[in-house]
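First comes the structure, then the notes that go with it.
In this note's numbering, the protein residues as written are 801 to 1138.
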């Protein structure tokens, strides 16, 4: 009886030693015969067999460790390295199937370090970051991906991410690249963003360039994804910017034309009527100047007092140094606005 127990213990010890040895051997790349190159098909086949044995390890943490150890011991020219990423990916999937999301995420992060130039890994990580609105990660991964393989979609993501994080210079850089790649019609959002950005930077000529671009892209209708009211507001701002730029260059007729267009989208803008009045005044067209000032005055907004002052300056000398009849002009302006 004691002999049987002893024999059983010896058997278990030998079995454990064999399993341990097999596990250890699985982590050692097969020794290549003399004259066989590490990038050869023979070496690839042998390494693949060994890796498939490692993939049978049910303890996922142990499998992960063995995969990493085996990889480090491979010759840098080993052909299997071209496909090594897939073995880690299968392990990530197995972690997820086992409900071990934390371990799966940790291995995914490690893979980015092990395979820093993997288009597949970087693209998937970028996609996940966009889904989570993780702009910092989207920027980090997007820049890495763009350096390896420039792509229109990545450019757009980088532009959007830099805009979301208020990084003006980088947002402008990538918005321009996105606009170049997409064209004015599909890239109209970036044309508008660039116009707004350059307006804020006091770069009027650039702002005019982009506003002209978006107006030419959509002379009629509304871009996909935009509400009509939102787009009308953009067009109103565009024409106002063009008018202001023309006024600054003393092109008063062009300023009046663009101010008139802007009123189609914002018909009760006191600032627009005031600016139109000033433009007409510069051209010595005094009656339309007074009509514009009168409308700005009766709107009763921020520019009302200034408009009233200008109106009286023009009206009084033309009316025998008297303001008689001015109320009728204001009433007419009020009626025209209603």
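Even glycine gets a Cβ: it sits at the ideal position worked out from N, Cα and C.
Cβ neighbour criterion (16 or more within 10 Å) applied to residue i
{"i": "residue 882", "result": "exposed"}
{"i": "residue 1058", "result": "buried"}
{"i": "residue 1135", "result": "exposed"}
{"i": "residue 897", "result": "exposed"}
{"i": "residue 1122", "result": "exposed"}
{"i": "residue 802", "result": "Because residue 802 carries a pLDDT of 42, less than 50, the predicted location of this residue cannot be relied on, and the following value inherits that uncertainty. The residue is exposed, with fewer than 16 neighbouring Cβ atoms inside 10 Å."}
{"i": "residue 805", "result": "Residue placement at residue 805 is poorly supported in this model, since its pLDDT is 42, which falls under 50; the coordinates still yield a value, given next. So residue 805 ends up on the exposed side."}
{"i": "residue 1125", "result": "exposed"}
{"i": "residue 1037", "result": "buried"}
{"i": "residue 759", "result": "The requested residue 759 does not occur in the structure, where the chain is confined to residues 801 to 1138."}
{"i": "residue 813", "result": "In this predicted model, residue 813 has a pLDDT of only 39, less than 50, meaning its place in the structure is not dependable enough to derive any value."}
{"i": "residue 977", "result": "buried"}
{"i": "residue 975", "result": "buried"}
{"i": "residue 1119", "result": "exposed"}
{"i": "residue 987", "result": "buried"}
{"i": "residue 891", "result": "buried"}
{"i": "residue 1056", "result": "buried"}
{"i": "residue 854", "result": "buried"}
{"i": "residue 816", "result": "Caution is warranted here: a pLDDT of 40 is assigned to residue 816, below 50, making its placement in the model unreliable, and no coordinate value can be reported."}
{"i": "residue 843", "result": "buried"}
{"i": "residue 768", "result": "One cannot answer for residue 768 here, as it falls past the ends of the chain, which runs 801 to 1138."}
{"i": "residue 807", "result": "Since pLDDT at residue 807 reaches only 45, below the 50 mark, its modelled position is unreliable, and the value read off the structure follows with that caveat. When all chains shown are included, residue 807 counts as exposed."}
{"i": "residue 822", "result": "Residue placement at residue 822 is poorly supported in this model, since its pLDDT is 41, which falls under 50; the coordinates are not used for a value here."}
{"i": "residue 824", "result": "Note that residue 824 scores a pLDDT of 44, beneath 50, so its modelled location is shaky; the value from the coordinates is reported in the next line. The residue in question, residue 824, is exposed, as its Cβ has fewer than 16 Cβ neighbours within 10 Å."}
{"i": "residue 862", "result": "exposed"}
{"i": "residue 1105", "result": "exposed"}
{"i": "residue 866", "result": "buried"}
{"i": "residue 929", "result": "buried"}
{"i": "residue 810", "result": "Caution is warranted here: a pLDDT of 37 is assigned to residue 810, below 50, making its placement in the model unreliable, and the coordinate value is therefore given only provisionally. Classification for residue 810: exposed."}
{"i": "residue 1024", "result": "exposed"}
For residue i, the nearest candidate out of the options (CA to CA)
{"i": "residue 943", "options": "847, 931, 966, 971", "result": "971"}
{"i": "residue 1128", "options": "1090, 1103, 1003", "result": "1090"}
{"i": "residue 1083", "options": "1109, 1054, 1098", "result": "1054"}
{"i": "residue 948", "options": "938, 934, 916, 936", "result": "916"}
{"i": "residue 924", "options": "1096, 941, 935", "result": "941"}
{"i": "residue 857", "options": "1026, 894, 1049", "result": "894"}
{"i": "residue 967", "options": "987, 994, 988, 946", "result": "994"}
{"i": "residue 1043", "options": "1019, 1008, 890, 1031", "result": "1008"}
{"i": "residue 851", "options": "835, 838, 880, 841", "result": "880"}
{"i": "residue 936", "options": "833, 903, 961, 1113", "result": "961"}
{"i": "residue 989", "options": "862, 1086, 889, 1035", "result": "1035"}
{"i": "residue 836", "options": "866, 877, 1026, 867", "result": "877"}
{"i": "residue 1031", "options": "1066, 983, 997", "result": "1066"}
{"i": "residue 1132", "options": "952, 1094, 1117", "result": "1094"}
{"i": "residue 1046", "options": "1012, 866, 905", "result": "1012"}
{"i": "residue 1081", "options": "1050, 849, 1105", "result": "1050"}
{"i": "residue 951", "options": "1002, 919, 928", "result": "919"}
{"i": "residue 983", "options": "905, 996, 1010, 904", "result": "1010"}
Test: residue i CB closer than 8 Å to a CB of chain D
{"i": "residue 984", "result": "No chain D is present in this structure, which holds just one protein chain."}
Distance CB(residue i)-CB(residue j) smaller than 8 Å
{"i": "residue 991", "j": "residue 979", "result": "yes"}
{"i": "residue 957", "j": "residue 926", "result": "yes"}
{"i": "residue 870", "j": "residue 931", "result": "no"}
{"i": "residue 954", "j": "residue 981", "result": "no"}
{"i": "residue 885", "j": "residue 921", "result": "yes"}
{"i": "residue 985", "j": "residue 1017", "result": "yes"}
{"i": "residue 1103", "j": "residue 1130", "result": "no"}
{"i": "residue 1072", "j": "residue 1040", "result": "yes"}
{"i": "residue 1069", "j": "residue 1063", "result": "yes"}
{"i": "residue 1108", "j": "residue 1092", "result": "no"}
{"i": "residue 1048", "j": "residue 1004", "result": "yes"}
{"i": "residue 860", "j": "residue 888", "result": "no"}
{"i": "residue 829", "j": "residue 900", "result": "no"}
{"i": "residue 1111", "j": "residue 1086", "result": "no"}
{"i": "residue 838", "j": "residue 875", "result": "yes"}
heavy atom of the ligand ZN below 7 Å from residue i C-beta
{"i": "residue 862", "result": "Absence of the ligand ZN from the depicted structure is noted, as is the absence of any ligand whatsoever, leaving it without description."}
Which whole runs of the alpha helix (DSSP H) in the stretch 1006 to 1050 are 4 residues long or more, in chain order?
Counting whole runs of 4 or more residues, the stretch 1006 to 1050 contains the alpha helix (DSSP H) stretches 1028 to 1048.
Return the chain-ordered ranges of every alpha helix (DSSP H) run that is complete within the stretch 958 to 999 and spans a minimum of 4 residues.
Complete alpha helix (DSSP H) runs here, min 4: 968 to 986.
Taking only runs of the alpha helix (DSSP H) that begin and end inside the stretch 894 to 924, which ones reach a length of at least 4 residues, in chain order?
901 to 914
Any chance you could list the alpha helix (DSSP H) runs of at least 4 consecutive residues sitting entirely within the stretch 1066 to 1119, in chain order?
For the stretch 1066 to 1119, whole alpha helix (DSSP H) runs of length 4 or above, ordered along the chain, are 1070 to 1082, 1086 to 1098, 1104 to 1118.
Secondary structure, alpha helix (DSSP H): runs of 4+ residues fully inside the stretch 849 to 874:
860 to 873
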